[in-house]
Amino acid sequence: MRTRTAALVGLALLTLLAGCAALEGGGDREFEGVSYSEGAGPDGFANTTAVLATHQDRLADDSYQVSYNLTYARPGQVANSTTVVASNASQGRQLLDADLPGRTLDRFATPDTRFTRNTFRNQTTVDSQPLGQSMAETHHQEARPGQMLETVVGAPNYTVNRTDTIAGQDVLWYESREASANATGQVPGNITQLNASVAIDEEGRIWRAEMFAIGQTNGTAELFIQEFRIDQVGGVTVERPAWVDGESE
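Residue numbers for the sequence shown follow the numbering used here, so the first one is 95 and each next one is one higher.
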């Protein structure tokens, strides 16, 4: 994901400087005999709330590993964050590793305790606190990375573009390639180019979600690249990290 993001950032910076569109949209296509998940259809996502809820429910039915990346750029500044979450409710463990601008965050959850490690300016702190909810709730919660998926799935004018197979699952790729001021969330205030893609299987799991948005906020050119992916469903084993320092579960 990082290699692909770096390539997109390079392309996007050229786009910001050139002031032109980087990607071209595709034509309309028709598909027959395909199954659509709840809230989705050939003309896009009629009910984004249902699409997001179904994804979260179906992904949380098993162990999983997901990763997501957010890149923000404007003239003279590029910031990137990458997060990986591995979760197994029956095992009673969840691990989140986040590489954020200027710091790293690691979080490990057991049925009773959440352990957190923060590293900032070469200073590392480790603490723990009660989990505060059931392990099942924690597992379900991280199956959907909040604002990112809401932003990508909520993009306007999606249509089915092609079929594909990811990790043995048949998916439909939805594409949105129209600039629109209607997009909300982590996007420029005034959008001049928006390209978004979502790959979703018939059960409703979102295997890929990507958005590339260029525009301006208060006169400053901005770029947002957002990427979400399911790395694995089922068979995910979460190891207890060494930094927990032998705290009792």
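C-beta atoms are modelled at their ideal positions from N, C-alpha and C, and glycine is treated no differently.
Note that the structure is a prediction, hence the values are computed from the model and not measured.
{"Asked": "Kindly indicate the opening and closing residues of the alpha helix (DSSP H) around Asp151.", "Found": "142–153"}
{"Asked": "If you follow the alpha helix (DSSP H) that Ile236 is part of, which residue opens it and which one closes it?", "Found": "First, the residue type needs correcting, since residue 236 is Glu and not Ile in the sequence shown. That residue, Glu236, is in no alpha helix (DSSP H); it is neither H nor E in DSSP."}
{"Asked": "Do you know how far the Cα of Gln223 is from the Cα of Asn70?", "Found": "Within the shown structure, residues of the chain are numbered from 95 to 343, placing residue 70 beyond reach of any answer."}
{"Asked": "Can you give the Cα-Cα distance for Leu199 and Asp156, rounded to whole angstroms?", "Found": "25 Å"}
{"Asked": "For Asn182, which residues from the same chain have a beta carbon less than 6 Å from its beta carbon, with the 5 sequence-adjacent residues on both sides left out?", "Found": "Ser157, Val330, Val332"}
{"Asked": "Quick one, which of Val145, Asp151, Val254, Gln188 has its alpha-carbon nearest Gly248's?", "Found": "Val145"}
{"Asked": "Roughly how many angstroms separate the alpha carbons of Glu296 and Ala167, rounded to a whole number?", "Found": "35 Å"}
{"Asked": "Quick test of the definition: if touching needs 3 or more C-beta pairs under 8 Å, does the segment 160–178 touch the segment 314–330?", "Found": "yes"}
{"Asked": "Tell me where the alpha helix (DSSP H) around Thr64 begins and ends.", "Found": "Because the chain in this structure spans residues 95 to 343, residue 64 falls outside the shown range and cannot be described."}
{"Asked": "Closest to Pro205 by CA distance: which of Asp191, His233, Asn216 is it?", "Found": "His233"}
{"Asked": "Less than 6 Å between C-beta atoms, sequence neighbours within five positions excluded: which residues of the same chain meet that for Gln235?", "Found": "none"}
{"Asked": "Whose C-beta lies closer than 7 Å to the C-beta of Thr213 among residues of the same chain, with five residues either side of it excluded?", "Found": "Arg197, Thr198"}
{"Asked": "To the nearest angstrom, how far is it from the Cα of Val128 to the Cα of Gly138?", "Found": "14 Å"}
{"Asked": "Within 10 angstroms of its Cβ, does Ala230 collect 16 or more other Cβ (buried), or is it exposed?", "Found": "exposed"}
{"Asked": "Three or more beta-carbon pairs under 8 Å between the segment 185–196 and the segment 300–307, yes or no?", "Found": "no"}
{"Asked": "Run through the segment 193–237 for me and flag every whole beta strand (DSSP E) of 3 or more residues, listed as ranges in chain order.", "Found": "197–203, 207–214, 217–224"}
{"Asked": "May I have the straight-line CA-CA distance separating Gly140 from Ala134, to the nearest angstrom?", "Found": "Rather than Gly, the amino acid found at residue 140 in this sequence is Ala. Spanning the two alpha carbons is a distance of roughly 6 Å."}
{"Asked": "For the beta strand (DSSP E) holding Gln310, just list the boundary residues, first then last.", "Found": "300–311"}
{"Asked": "My guess is that Thr142 and Gly298 are in contact by the Cβ rule of under 8 Å, so how many angstroms apart are they, rounded?", "Found": "Not really, about 12 Å apart at Cβ, beyond 8 Å."}
{"Asked": "Would the beta-carbon of Arg302 fall within 8 Å of that of Arg271?", "Found": "no"}
{"Asked": "For Ser228, I'd like the list of residues in its chain whose CB is within less than 8 Å of its CB, leaving aside the five on either flank, ordered along the chain.", "Found": "Pro205"}
{"Asked": "Considering only their Cβ atoms, is the gap separating Ile285 from Val411 smaller than 8 Å?", "Found": "Residue 411 is absent from the structure shown; the chain starts at 95 and stops at 343."}
{"Asked": "Looking only at its own chain, which residues have a Cβ that is under 6 Å from the Cβ of Ile150, when we skip the five neighbours before and after it?", "Found": "Note on residue identity: the sequence assigns Gln, not Ile, to residue 150. Result list for Gln150: Ala237, Arg238, in chain order."}
{"Asked": "State the Cα-Cα distance for the pair Gln241 and Asp339, rounded to the nearest angstrom.", "Found": "33 Å"}
{"Asked": "Just the Cα atoms here: how many angstroms apart are Asp194 and Thr314?", "Found": "A small correction: the amino acid at residue 194 is Leu; Asp does not occupy that position in the sequence shown. Roughly 23 Å between the two C-alpha positions."}
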